[in-house]
Amino acid sequence: MSVSQTLTRADLCEAVHEEVGLSRQECSGMVERTLELIVESLERSETVKLSGFGVFQVREKRARMGRNPKTGEPAAINPRRVISFRASQIMKGRVHDAVVET
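Using this note's numbering, the first residue of the sequence shown is number 419, and each one after it goes up by one.
Structure representation (structure tokens):
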């Protein structure tokens, strides 16, 4: 993984390349297609369940009144669609038990 401790698409492609042994170009295509399938499903408001990883869902937020935090004035918040992610118990357990190296 990169020095910044952020996993990127390039890092995913490289990991698939090393694990599977396909060319970097083929692995890049696999990663891109996988991510594209997830996005396409979410665009159709479908739930994406990845066993042992978690669940992505699109939720509809209704219009409501909020406040401008700077001025305190009431402000209308438009209805919108948001993506939520709920990690699986397996993932939560692994993250909880992981030792962070400094």
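Ideal Cβ placement from N, Cα and C applies to all residues, glycine included. Remember, predicted model here, so these are calculated numbers, not experimental data.
Judged by DSSP in its simplified three-state form, Leu430 adopts helix. Sixteen is the threshold: since fewer than 16 other Cβ atoms of the shown chains lie within 10 Å of the Cβ of Val518, the residue is exposed. Distances from the CA of Leu460 to each of Arg499, His514 and Thr424 were compared; the closest alpha carbon is that of Arg499.
With respect to the 7 Å criterion, Cys431 and Val449 are classified as neighbours on the basis of their beta carbons. A check of alpha carbon separations from Gly472 across Arg427, Ile508 and Thr426 identifies Ile508 as the nearest.
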